[in-house]
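To convert, count from 1 in the sequence shown and add 1; that's the numbering used here. Read through the structure below, which is laid out as structure tokens, and then see the notes.
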Amino acid sequence: IRGVAPLPSGGNFILCQFAPGRAHDMYEGLASRGIFVRNFGSRRLRDCFRVAVGTPAQGDTFIGALREML
Numbered sequence: 002i003r004g005v006a007p008l009p010s011g012g013n014f015i016l017c018q019f020a021p022g023r024a025h026d027m028y029e030g031l032a033s034r035g036i037f038v039r040n041f042g043s044r045r046l047r048d049c050f051r052v053a054v055g056t057p058a059q060g061d062t063f064i065g066a067l068r069e070m071l
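Next up, the structure:
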């Protein structure tokens, strides 16, 4: 999806990186839709959040929400 850079992962979490300042807006937008991701307060990860891999239906809902917001 244009606007999000998922980083490689060996687990069931995906770290998603956004343009500077966008991660917080994305976090808030997802939360308002009932989709909760892990936001980070550290300077190094301030433009990222982490999402857990769930069911295919949950993944579709997450991806659909990202596309709407981006």
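Where is the CB? At the ideal position from N, CA and C, for every residue including glycine. All figures in this text were calculated on a predicted structure; none of them were measured in a lab.
Nearest-angstrom Cα distance between residue i and residue j?
i          : j          : result
residue 24 : residue 47 : 7 Å
residue 70 : residue 12 : 26 Å
residue 3  : residue 22 : 16 Å
residue 5  : residue 31 : 14 Å
residue 45 : residue 7  : 16 Å
residue 60 : residue 10 : 16 Å
Taking the Cβ atom as the reference point for each residue, do residue i and residue j lie within a distance shorter than 7 Å?
i          : j          : result
residue 38 : residue 54 : no
residue 34 : residue 58 : no
residue 50 : residue 17 : yes
residue 27 : residue 14 : no
Please indicate yes or no: does the CB of residue i lie closer than 6 Å to some heavy atom of the ligand ATP?
i          : result
residue 29 : The ligand ATP is absent from the structure shown, which contains no ligands of any kind.
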